[in-house]
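J.:
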Amino acid sequence: MSLLKVNNLVTYFHIGNQMIKAVDGISFNVEKNETLAIVGESGSGKSVTALSIMGLINPPGKIMEGEIEFNKVNLLKLNEKQMCMVRGNRISMIYQEPMMSLNPAIAVGEQIREALIIHKAVPKSQAKKRSIELMNFVSIPESQVRYNDLPAKFSGGMRQRIMIAIAIACTPDLLIADEPTTALDVTIQSEIMELLRSMKNKLNMSMLLITHDLGLVAENADRVIVMYCGKILEEANVKDLFRRPMHPYTIGLMKCIPKIDCTVDKLYSIPGCIPHPSQFPVGCRFNDRCEVVKDICREKMPELIELEDGHKVRCWQWQ
Ligand SMILES: Nc1ncnc2c1ncn2[C@@H]1O[C@H](COP(=O)(O)OP(=O)(O)OP(=O)(O)O)[C@@H](O)[C@H]1O
Ligand code: SF4
Ligand SMILES: [Mg+2]
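For the sequence shown, counting from 1, position 202 maps to 203 in the numbering used here; every step adds exactly one.
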């Protein structure tokens, strides 16, 4: 059964007389206990999708259309007070840069404690003990002592562990992780991903993992959607996507994954760059970068169609 159903979500930003089509009619589900990855280059609409789910789109941004059904409730119909009960409680989010989300002036333990008091109604007398347990749970050494330290006293990886402790304090049903390891070095990245995987399994959560790194997708996700210019171009389970990528954009992203035997100067990159969201090309939005573009691609946008069980593609080559 689906925990989250996003149906035809359209989120635009109105800037002057420009319309930024950040998310432009996307639909997908997240099932209970699964990890769904959203992958795509910078500017493809991944974070705006996450912020739309969290109810955190503010002017000049606006959700123009669609439904976001979570546990059978349409979140877009909730008022701010009701949405606050969902955010940080049933759905939690962790961000790329933990320093941006932690309060630099408050001890980390206190920040976890606050999350427990607000969202879990844990009595104040027990909240400190529970916070220290959570710090242990995310493997922060000497957590009793470090409870009183400010965020600046922690390394990037340790700060991300604290963010994870805050995010799971309320045992959410869905954890949204938006580029959770991009700011970290490679060894710490894999430790944080391992921690997220184990938390997800221990707490029976679903996860929406947002990343531009297909390597992370392969290791951590069950299913994946590939986004470009606010649209879904391909959707599949991870095995099928890696076994048989169908969309030229996905094939390009796969070619960008460094191979062990490749030197840096042999690395492939998709030609051109993602168009400005107020000036998408007519037809397929990937047409000015595609190596197999046809006339029709410059005239009409293809539909996202299901070719195999659960494997969907938006490309004229397959229609
Ligand atoms: N507050 C905003 N005001 C105006 N435009 C915005 C705003 N937030 C996002 N956008 C635009 O919406 C588009 C999608 O942005 P989004 O942040 O979702 O991309 P992303 O896929 O998360 O990229 P990245 O990998 O860099 O995080 C971009 O063109 C971006 O410039
Ligand atoms: S629709 Fe055309 S331009 Fe777009 S990806 Fe497919 S072949 Fe390339
Ligand atoms: Mg982003």
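All residues carry an ideal CB built from backbone N, CA and C; glycine is no exception.
(1) Looking at C-alpha atoms only, which residue of Lys22, Gly26, Met2 is the closest neighbour of isoleucine 233?
(2) Is there a Cβ from chain D that is less than 7 Å from the Cβ of leucine 268?
(3) Residues in the same chain with beta-carbon distance under 8 Å from aspartate 289, minus the five sequence neighbours each way, listed in chain order, please.
(4) Is DSSP giving glutamine 190 helix, strand or coil here?
(5) Any residue with its C-beta under 7 Å from a non-hydrogen atom of ligand 2 counts. Can you list them all in chain order?
(6) Sorry if obvious, but does the Cβ on lysine 130 come closer than 6 Å to a heavy atom of ligand 1?
(7) Can you tell me whether glutamate 180 is buried or exposed, with buried defined as 16 or more other CB within 10 angstroms of its CB?
(8) For isoleucine 169 and tyrosine 148, I'd like the C-alpha separation in whole angstroms.
(9) Would you say the beta carbon of lysine 6 comes nearer than 6 Å to a heavy atom of ligand 1?
(10) Using alpha carbons as the reference points, say which of Thr182, Ala222, Gly216, Leu175 lies closest to asparagine 205.
(11) Hey, is serine 53 close to ligand 3, as in C-beta under 6 Å from one of its heavy atoms?
(12) Between which two residues does the alpha helix (DSSP H) holding aspartate 241 run?
(13) In chain order, what residues of the same chain have a beta carbon less than 7 Å from the beta carbon of proline 259, not counting five sequence neighbours either side?
(14) Examine ligand 1 and report whether any of its heavy atoms sits within less than 6 Å of the Cβ of histidine 213.
(15) Within the same chain, show all residues whose beta-carbon is closer than 8 Å to that of serine 140, passing over the 5 residues directly before and after it, in chain order.
T.: So, from the listed chains and residues:
(1) It is Gly26 whose Cα lies nearest to the Cα of isoleucine 233.
(2) The chain inventory of the structure shown lacks chain D, comprising one protein chain alone.
(3) Sequence-distant Cβ neighbours of aspartate 289 in its own chain, meaning closer than 8 Å and more than five residues away, are Gly273, Pro276, Pro282.
(4) Glutamine 190 falls in the helix class under three-state DSSP.
(5) In chain order, the hits are His248, Pro249, Tyr250, Cys285, Phe287, Asn288, Cys291, Val293, Val294, Lys295, Cys298, Pro303, Cys316, Trp317, Gln318.
(6) Checking the 6 Å criterion, the Cβ of lysine 130 is out of range of every heavy atom belonging to ligand 1.
(7) Counting the other CB atoms within 10 Å of its CB gives glutamate 180 a total of 16 or more, which places it among the buried residues.
(8) In a straight line, the C-alpha of isoleucine 169 is about 17 Å away from that of tyrosine 148.
(9) In this structure, ligand 1 has no non-hydrogen atom nearer than 6 Å to the beta-carbon of lysine 6.
(10) With distances taken between Cα atoms, asparagine 205 lies closest to Leu175.
(11) Not so, every heavy atom of ligand 3 lies at least 6 Å from the Cβ.
(12) It spans 239-244 - the alpha helix (DSSP H) in which aspartate 241 sits, taken as one unbroken run.
(13) The residues are Leu268.
(14) For ligand 1, at least one heavy atom lies less than 6 Å from the Cβ of histidine 213.
(15) Once the five neighbours on either side are set aside, the close Cβ partners of serine 140 are Arg162, Leu196.
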